[in-house]
């Protein structure tokens, strides 16, 4: 069933006077759910189609949006009205409440609203034989009617983006969590990445399954054996030049495995919740921090010792 806002776990209260921006609906996408989830949080697609502010930089950093990122929305059907500057202060500011494998949730704030408007795109996966498909459920509360056309254009752009990404080669990453602590490794090279931190992993070879690639890469980079468990977070598009997607798997050490050691990297570090955000991550890995934090907490996440 489509999820309601603001809390997707609870039905909306009757009689609130809040109307959906579009009739609540489910749109089918012919792409894996983690690819569509990545396209939903693509910064330029959100700011360009929902915000109608393609020439105005978003306050968000990174190619994909994270919870807490903010961006302006132009007011009106043509996007030509004031967006909150010197022209009268009636603009709309969007804040990302959630941007992960479950979908995208936004809060829209403006002096012209009574309270905040809420807009959500919630994902569910569908099993259809050998094809990977998912549904995007759209729901909103107190959203202005002029935004409805933008929602349709945004979803069309998401569909096109996800279709292109779905065929790109994959780099696997490994979220190796033990006792609520996550293993990170520090790059030795190339020079512009030296000293930065990332998850273990590497390219999936032709004919190789993703779980097999996780096992092989951890054997090569950490000299240990791991057991892949499940996908983590959305896919992450790497640089346009590489044309590849980062796809992260949660894993645990195999029974009897040797402790990981840095075979190709400068150093390894088991990190807890208190140091997760402060580490100097590579940009692609940084975009997964919300999802990594969730699995760390689920496995009894600990704070780092001082």
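Residue numbers (the working numbering): 558 to 863. We put the CB at the ideal spot given by N, CA and C, even for glycine.
Neighbourhood of residue i by C-beta distance below 8 Å, restricted to the same chain and skipping five residues each side
| i | result |
| --- | --- |
| residue 728 | 758, 759, 760, 761, 795, 801, 802, 803, 804 |
| residue 788 | 591, 658, 804, 805, 806, 807 |
| residue 699 | 575, 576, 670, 671, 672, 673, 674, 675 |
| residue 745 | 751, 821, 822, 823 |
| residue 854 | 737, 830 |
| residue 771 | 729, 731, 758, 783, 785, 806, 808 |
Cut-off 7 Å between Cβ atoms - residues of its own chain near residue i, not counting five sequence neighbours on either side
| i | result |
| --- | --- |
| residue 586 | 593, 690, 691, 693, 716, 719 |
| residue 722 | 592, 595, 596, 792, 794, 802 |
| residue 836 | 741, 754, 828 |
| residue 606 | 707, 710, 711, 714 |
| residue 811 | 782, 783, 784 |
Local Cβ density within 10 Å of residue i, reported as buried at 16 or more and exposed below that
| i | result |
| --- | --- |
| residue 738 | buried |
| residue 763 | exposed |
| residue 561 | Because the pLDDT at residue 561 is just 42, under 50, the model does not fix this residue reliably, and the value given afterwards should be weighed accordingly. Under this definition residue 561 is a buried residue. |
| residue 649 | buried |
| residue 767 | exposed |
| residue 726 | exposed |
| residue 748 | exposed |
| residue 683 | exposed |
| residue 799 | exposed |
| residue 858 | buried |
Close beta carbons around residue i, own chain, < 6 Å, minus the five adjacent residues each side
| i | result |
| --- | --- |
| residue 681 | 692 |
| residue 652 | 627, 664 |
| residue 630 | 608, 649, 651 |
| residue 778 | 757, 820, 821 |
Nearest-angstrom beta carbon gap, residue j and residue i [assumed within contact, 8 Å]
| i | j | result |
| --- | --- | --- |
| residue 833 | residue 846 | 6 Å |
| residue 819 | residue 781 | Residue 819 to residue 781, Cβ: 11 Å. No contact. |
| residue 622 | residue 598 | 4 Å |
| residue 735 | residue 826 | With a Cβ gap of about 13 Å, residue 735 and residue 826 do not count as contacting. |
| residue 625 | residue 840 | Their Cβ separation, rounded to whole angstroms, is 16 Å, which puts residue 625 and residue 840 out of contact at 8 Å. |
| residue 705 | residue 790 | Incorrect: roughly 30 Å between the Cβ atoms, too far for contact. |
| residue 679 | residue 660 | 4 Å |
C-beta neighbour in chain B for residue i, strict 7 Å
| i | result |
| --- | --- |
| residue 583 | Considering every chain present, this structure includes no chain B. It has just one protein chain. |
Which runs of the alpha helix (DSSP H), 4 residues or longer, sit entirely within the stretch 744 to 794? 767 to 779
Of all the alpha helix (DSSP H) runs that stay within the bounds of the stretch 800 to 858, which reach a length of 4 or more residues? 830 to 833, 840 to 843, 846 to 855
Complete beta strand (DSSP E) runs within the stretch 669 to 715 (minimum length 3 residues, chain order): 674 to 685, 688 to 698
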